[in-house]
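**Student:** If you read the sequences in order, they're chains A and B.
For what it's worth, this note's numbering labels the leading residue of the first sequence as 112, then goes sequentially.
For what it's worth, this note's numbering labels the leading residue of the second sequence as 113, then goes sequentially.
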Amino acid sequence: AQKITQTQPGMFVQEKEAVTLDCTYDTSDQSYGLFWYKQPSSGEMIFLIYQGSYDEQNATEGRYSLNFQKARKSANLVISASQLGDSAMYFCAMRELIGNTDKLIFGTGTRLQVFP
Amino acid sequence: DSGVTQTPKHLITATGQRVTLRCSPRSGDLSVYWYQQSLDQGLQFLIQYYNGEERAKGNILERFSAQQFPDLHSELNLSSLELGDSALYFCASSPEIGLAGTNEQFFGPGTRLTVL
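(1) Inspect the CB distances between the stretch 211-225 of chain A and the stretch 114-121 of chain B and report whether three or more fall short of 8 Å.
(2) Rounded to whole angstroms, what is the Cα-Cα separation between residue 191 of chain A and residue 162 of chain A?
(3) From which residue to which residue does the beta strand (DSSP E) around residue 181 of chain B run?
(4) If I measure Cβ to Cβ from residue 160 of chain A and keep anything under 8 Å in the same chain, skipping five residues before and after, which residues do I get?
(5) Could you compute how far the alpha carbon of residue 183 of chain B sits from the alpha carbon of residue 201 of chain A?
(6) Establish whether the CB of residue 176 of chain B and some CB of chain A are separated by less than 8 Å.
(7) Can you give the beta carbon distance from residue 176 of chain B to residue 189 of chain B, rounded, assuming they're within the 8 Å contact cut?
(8) Kindly indicate the opening and closing residues of the beta strand (DSSP E) around residue 185 of chain A.
(9) How is the beta strand (DSSP E) around residue 125 of chain B delimited, first residue to last?
(10) Nearest CA to the CA of residue 180 of chain A: which residue from A/164, A/117, A/194?
(11) In the DSSP output, what is residue 144 of chain A paired with across the bridge?
(12) With distances taken from CA atoms, which of A/117, A/210, A/227, A/152 is nearest residue 140 of chain A?
(13) Is the CB of residue 145 of chain A under 8 Å away from at least one CB in chain B?
(14) Do residue 146 of chain B and residue 155 of chain B have their C-beta atoms within less than 8 Å of each other?
(15) My understanding is that residue 148 of chain B touches residue 199 of chain B, with C-beta atoms under 8 Å, so please give their C-beta distance in whole angstroms.
(16) Given a cut-off of 8 Å, decide if residue 223 of chain B and residue 120 of chain B are closer than it, judged by their beta-carbon atoms.
(17) Between residue 168 of chain A and residue 187 of chain B, what straight-line distance do the alpha-carbon atoms span, to the nearest angstrom?
(18) If you reduce the DSSP assignment to three classes, tell me which class residue 142 of chain B lands in.
(19) Please list the partners that residue 160 of chain B has in chain A, where partner means a Cβ-to-Cβ separation under 8 Å.
(20) Check this for me: beta carbons of residue 138 of chain B and residue 218 of chain B, under 8 Å apart or not?
Encoded structure:
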């Protein structure tokens, strides 16, 4: 079965600094997708970035980039130039696609706090 | 705003009661997913519907049921409620299933259920 592991329950970063949130995954599939979502204190889940297993380049979306190391089965999220508004829970997720079933499996999340 | 709507936003009820959570997917999205986020279980996939048909079941209790209507909105019914059912329930939608590419799931704002 597929599994997502986020080993950092909490992280602190100073405003304007970069921070890396770790994510490792376990799958026997050759084709898979990895996602990062942000959940602020208001509760909604906000999609940040996606990386496909066959993508040759690391995904980037503005200040977010994904450090994808396939051999190590890691998909770390890098946030550059942190802002106070980045304080939130961050979830790494893997897409499990079996037949017509298409669901997300989530890690336990990392709480990021950005301080001035 | 993801385009996915959920009602109600908050729900407080007593043990043994039954409640219905409602979700309207993004316009044109055929697939609806329900997830439960609780403190002890994290984010868990409950059930998936595609164009009115049930596609996959996750860790959904027998006391819970769902359906997707012809207009594609979905309802999650929770009965014989227990204290442990208190959680944030998310609905997500995506255009189709089984496609290559991102196939991002767009999350609604969630319904926070409190069972007293």
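A virtual CB, placed ideally from N, CA and C, is assigned to each residue, including glycine.
**Tutor:** Working from what's here:
(1) Cβ pair count under 8 Å is below three, so no.
(2) 18 Å
(3) DSSP places residue 181 of chain B outside any beta strand (DSSP E), giving it a letter other than H or E.
(4) So the qualifying residues of the chain are 146, 147, 170, 171, 172, 175, 176, 177, 188.
(5) 33 Å
(6) For residue 176 of chain B, the nearest beta carbon of chain A is not closer than 8 Å to its own beta carbon.
(7) 7 Å
(8) 185-190
(9) 122-125
(10) A/164
(11) A/163, A/206
(12) When only C-alpha atoms are compared, the closest one is A/210.
(13) no
(14) no
(15) 5 Å
(16) yes
(17) Taking the straight line joining both Cα atoms gives about 40 Å.
(18) Assigned with DSSP and collapsed to three states, residue 142 of chain B falls in coil, not helix or strand.
(19) 212, 213, 214
(20) Yes, these two residues count as a Cβ contact at 8 Å.
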